[in-house]
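**Q** 1 is the number of the first residue of the sequence shown in UniProt numbering; add one for each residue after it.
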Amino acid sequence: MSQINEAQGDQSNRMAPPTALTWVLVLVATGLVTIPALVDDAMWLRWLSLVGVFVVVVIVMLQWQRGSTIEERYALGSASSQDSAPPYSADDLSDLLKQVLPAWQHHVSAVKSQTEGAVVQLTTSFATVLQQFDLAGIGSGPGLSPDSSNSTIGLLTLCERQLQPVVGSLTSVIEGKDTMISNIRHLANETNELRAMAADVSSIAAQTNLLAINAAIEAARAGESGRGFAVVAAEVRKLSQRSAETGKKIGTRVDQVVSVMAQTMASAEESNAQDQHAVSMSGSIVEDVLNHVRKLGASADSMRSHGLTVRHEVENLLMAMQFQDRVSQILSGVEADMKRMQDNLDEPLPTVEEWMGSLSKTYTMEDQNHVRTRR
1 MSQINEAQGD QSNRMAPPTA LTWVLVLVAT GLVTIPALVD DAMWLRWLSL
51 VGVFVVVVIV MLQWQRGSTI EERYALGSAS SQDSAPPYSA DDLSDLLKQV
101 LPAWQHHVSA VKSQTEGAVV QLTTSFATVL QQFDLAGIGS GPGLSPDSSN
151 STIGLLTLCE RQLQPVVGSL TSVIEGKDTM ISNIRHLANE TNELRAMAAD
201 VSSIAAQTNL LAINAAIEAA RAGESGRGFA VVAAEVRKLS QRSAETGKKI
251 GTRVDQVVSV MAQTMASAEE SNAQDQHAVS MSGSIVEDVL NHVRKLGASA
301 DSMRSHGLTV RHEVENLLMA MQFQDRVSQI LSGVEADMKR MQDNLDEPLP
351 TVEEWMGSLS KTYTMEDQNH VRTRR
């Protein structure tokens, strides 16, 4: 019986140091588990949580195995229990922690470094996106603002108002050309009358010439008394011949004028048709351009609205990226606590209350206090 009591006492002495270490490991593992609860959608934090759960399970299994070993030895009452050691002694656990804690610290440091690097890269990328928004005039920045865009639309509207009188002037010019063509047609008709008058002059000259010939014949018959009348008849004949030649010249000139006027009228009509087509095309083009400008203005307003929405979302993301500071502080606390545990493995361990009290002094966020009180 005394051997059993001694075995129990010896076993109790061996179990005391691991119990303190076990509490410390449970607290560290709990910290690893609670970190993902503070930040959502982080895969590496979920793996860190699984590591914490694994540590807790291992510790519970070790404690259960030790308890089972003690109960079996106590039930058997074997005196050899004093010579046998538990599956894992305090020294073994201390050696294990000396090997494991640096690896854990390295992993925590790697997670912290990778997280900070990724957040810095994301922040830089989002800042570049905001700069591009500024250059595009979406939001604040040196680019085009809504006021300047509205000014552009107003300028185009002003151009529309100024183009309309130009189109109206072209229309007036075409109307003036129509009047000129009408006058040319009227002048051509008058020229035709001149041609008829020239023909009449030629006819009168021919008749006068016949009368002069008849007068000369009668003067010759009269003899000496009709000599004076013969001179007059000769002069009349000369005048009739000159009148006939002048009539021919007038007719020739009239024909030339009519020909030139016909060509001029044809050219004027062709030019008028081209001007009308040009004015019609100009009006259509101006209207199409203005319609496109209106559509572009509406599209620009829509793009600006969507761009502002995206910009606000990016700004919100930049604000949300501040979670990295919280995670970094938590990981730094866990890393420091692991280092403190590693440094104190060869020293007498404090109680759980002392350890947690010292750990709580490093808390900087309300969430950590809530996690501590929920244990």
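All C-beta atoms in this analysis are idealised placements derived from N, C-alpha and C, irrespective of residue type, glycine included.
Because the structure is a prediction, the values reported are computed rather than measured.
#1: Which whole-angstrom value describes the C-beta separation of Val-254 and Arg-195, a residue pair presumed to lie in contact below a C-beta threshold of 8 Å?
#2: Could you give the residue range of the alpha helix (DSSP H) that holds Leu-345?
#3: State the Cα-Cα distance for the pair Leu-345 and Trp-355, rounded to the nearest angstrom.
#4: Contact check, Asp-275 vs Val-173 under 8 Å by CB: the rounded distance?
#5: Going by Cα to Cα distance, which pick from Val-327, Ala-262, Gly-333, Val-310 is closest to Gln-131?
#6: What's the C-alpha gap between Gln-263 and Asn-183?
#7: Decide if Asp-95 is buried, meaning its Cβ has at least 16 other Cβ atoms within 10 Å, or exposed.
#8: Go ahead and pull the three-state DSSP assignment for Pro-350.
#9: Say the cut is 7 Å; is the CB of Ser-332 nearer than that to a heavy atom of the ligand GDP?
#10: Could you pull out every residue in the same chain whose Cβ sits closer than 7 Å to the Cβ of Glu-224, ignoring the five residues on either side in sequence?
#11: Let me check understanding here. Comparing Cα to Cα, which of Glu-287, Asn-209, Arg-221, Ala-298 lies closest to Ala-233?
#12: Alpha helix (DSSP H) containing Met-319: first to last residue?
#13: Residues in its own chain within less than 7 Å of Ala-273 by CB, not counting five upstream and five downstream?
#14: Might you give, ordered along the chain, the residues of its own chain that have their beta carbon closer than 7 Å to the beta carbon of residue 379, omitting 5 neighbours on each side?
#15: Throw me the rounded Cβ distance for the Gly-247 and Ala-278 pair, which I believe falls under 8 Å.
#16: Between which residues of its own chain and Ile-250 is the CB-CB distance below 6 Å, once the five residues before and five after are set aside?
#17: Indicate whether Leu-170 and Ser-267 have their beta-carbon atoms separated by less than 8 Å.
#18: Secondary structure at Ser-328, three-state DSSP: helix, strand or coil?
#19: Count the other CB atoms within 10 Å of the CB of Asp-337; is the residue buried (16 or more) or exposed (fewer)?
#20: Using the Cβ count rule (16 or more neighbours within 10 Å means buried), how would you classify Ala-205?
#21: Can you check which of these residues, His-107, Ala-110, Ser-271, Asn-192, is closest to Val-257 by C-alpha distance?
#22: For Gln-164, tell me which candidate among Asp-200, Ser-284, Asn-189 has the shortest Cα-Cα distance.
#23: Please classify Lys-295: is it buried, with 16 or more other beta-carbons within 10 angstroms of its beta-carbon, or exposed?
#24: By Cβ distance below 6 Å, which residues in the same chain neighbour Ser-358 in space, the five residues on each side in sequence not counted?
#25: My guess is that Leu-290 and Glu-160 are in contact by the Cβ rule of under 8 Å, so how many angstroms apart are they, rounded?
#26: Once the 5 residues before and after Ala-230 are set aside, which same chain residues still bring their CB inside 6 Å of it?
#27: Please classify Lys-339: does DSSP put it in a helix, a strand, or coil?
**A** According to the structure shown:
#1: That belief holds up - the Cβ atoms of Val-254 and Arg-195 are roughly 4 Å apart, short of 8 Å.
#2: Bounds of any alpha helix (DSSP H) do not take in Leu-345, whose DSSP letter is neither H nor E.
#3: Computed Cα separation, rounded: 13 Å.
#4: Their Cβ separation, rounded to whole angstroms, is 7 Å, which keeps Asp-275 and Val-173 in contact under 8 Å.
#5: The alpha carbon of Gln-131 has as its nearest neighbour, out of Val-327, Ala-262, Gly-333, Val-310, the alpha carbon of Val-310.
#6: Spanning the two alpha carbons is a distance of roughly 14 Å.
#7: That one is exposed.
#8: The answer is coil: DSSP assigns Pro-350 none of H, G, I, E or B.
#9: With respect to the ligand GDP, the structure shown offers nothing to examine, as it has no ligands at all.
#10: The answer is none, since no qualifying residue turns up.
#11: The alpha carbon of Ala-233 has as its nearest neighbour, out of Glu-287, Asn-209, Arg-221, Ala-298, the alpha carbon of Asn-209.
#12: Where Met-319 is concerned, the enclosing alpha helix (DSSP H) stretches over 227-320.
#13: The beta carbon of Ala-273 sits closer than 7 Å to no other beta carbon from its chain once the five residues preceding and following it are set aside.
#14: This structure leaves residue 379 out entirely; the chain is present only between 1 and 375.
#15: Contact annotation, Gly-247 with Ala-278: C-beta distance approximately 46 Å; criterion of less than 8 Å not satisfied.
#16: Around Ile-250: Ala-198.
#17: For the pair Leu-170 and Ser-267, the CB atoms are not nearer than the 8 Å cut-off.
#18: Of the three classes helix, strand and coil, the one that applies to Ser-328 here is helix, per DSSP.
#19: With 16 or more Cβ atoms within 10 Å of its Cβ, Asp-337 is classed as buried.
#20: Flag for Ala-205 reads buried.
#21: It is Asn-192.
#22: Closest by alpha carbon: Ser-284.
#23: Answer is exposed; the Cβ neighbour count stays below 16.
#24: Contacts found: none.
#25: The C-beta distance from Leu-290 to Glu-160 rounds to 5 Å, short enough to fall under 8 Å.
#26: Hits under 6 Å: Ala-216, Ala-219.
#27: Residue state, collapsed to three classes: helix.
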